[in-house]
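For the sequence shown, the positions run 72 to 262 when the working numbering is used.
For glycine and all other residues, C-beta sits at the position ideal for the given N, C-alpha and C.
Scroll down for the structure; my scribbles are underneath it.
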Amino acid sequence: MNKILHISLLASLVSCGGDQVVVRETQASCRDGIIQAGEQCDDGNEDTNDACTNFCTLALCGDGVLRTDLALGELGAEGCDDSNQDDDDACTSQCETARCGDGVKRLDLSEGDEAYEYCDDGNTDNYDACRNACAEASCGDAVVRSDLEADERGFEECDDGNADDSDNCLSTCIEASCGDGVISAGEGCDD
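Listed below in structure tokens is the structure:
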């Protein structure tokens, strides 16, 4: 129980007509339902996950106490609260659970971990440098990257998701053509 020293001043009339100040020390008691000196709030309950914590402080994002009395989306609701301001871990500085697509690349996981993000551009464009599954675009992923011009590194004319050079899309993500040095569909030779 969080106890705070509280000094009460009482003025009382004395028989000779003057005022006398009596100082009395009392223990403030957090969770007694009475807001006293040093307390921001006191709701009188044992629930530390509501608007008033068990330390008689107002619940705030970043205080390390998960507020559960509100539905997600409501003002003040928290999906997590890890008591830091890091946006690149499992809990953002806005007390939202980190997720692929939120625009912040998590740095607290290693490659191979289930929620590891190679990138996170925060958009729903699956045809740019970062896929919607937070994986970097690459030739052979079966998605044609459309954010680059023909002379830019990483440009793809096609991407059939395989390494078979005998079809219409080469393993370099360039469309097969006569003269490319690869015998592909419909060609009898290509020197």
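| Asked | Found |
| --- | --- |
| Distance between beta carbons of G174 and G144, contact taken as under 8 Å | In fact, because the Cβ distance is near 19 Å, the residues do not count as touching under 8 Å. |
| DSSP three-state assignment for C171, whether helix, strand or coil | coil |
| Three-way DSSP call (helix, strand, coil) for L143 in this model | coil |
| Inter-residue spacing [alpha-carbon to alpha-carbon] between D236 and C171 | 33 Å |
| Where D251 sits in the DSSP three-state scheme | coil |
| Backbone CA spacing between N120 and G147 [nearest angstrom] | 12 Å |
| Nearest-angstrom Cβ-Cβ length linking G211 and D230, presumed shorter than 8 Å | 7 Å |
| C112 versus C127 - alpha carbon distance | 5 Å |
| Three-state secondary structure (DSSP) of L129 | strand |
| Cβ-Cβ distance between D261 and G252 below 8 Å | yes |
| Inter-residue CB distance, V215 and E227 (contact presumed, cutoff 8 Å) | 5 Å |
| E246 - partner residues in DSSP beta bridges | C240 |
| Where S100 sits in the DSSP three-state scheme | strand |
| 4 or more residues per run - each alpha helix (DSSP H) lying fully within the segment 172-229 | none |
| Secondary structure of C162, DSSP reduced to three states | strand |
| Sub-8 Å separation of A130 and V136 beta-carbons | yes |
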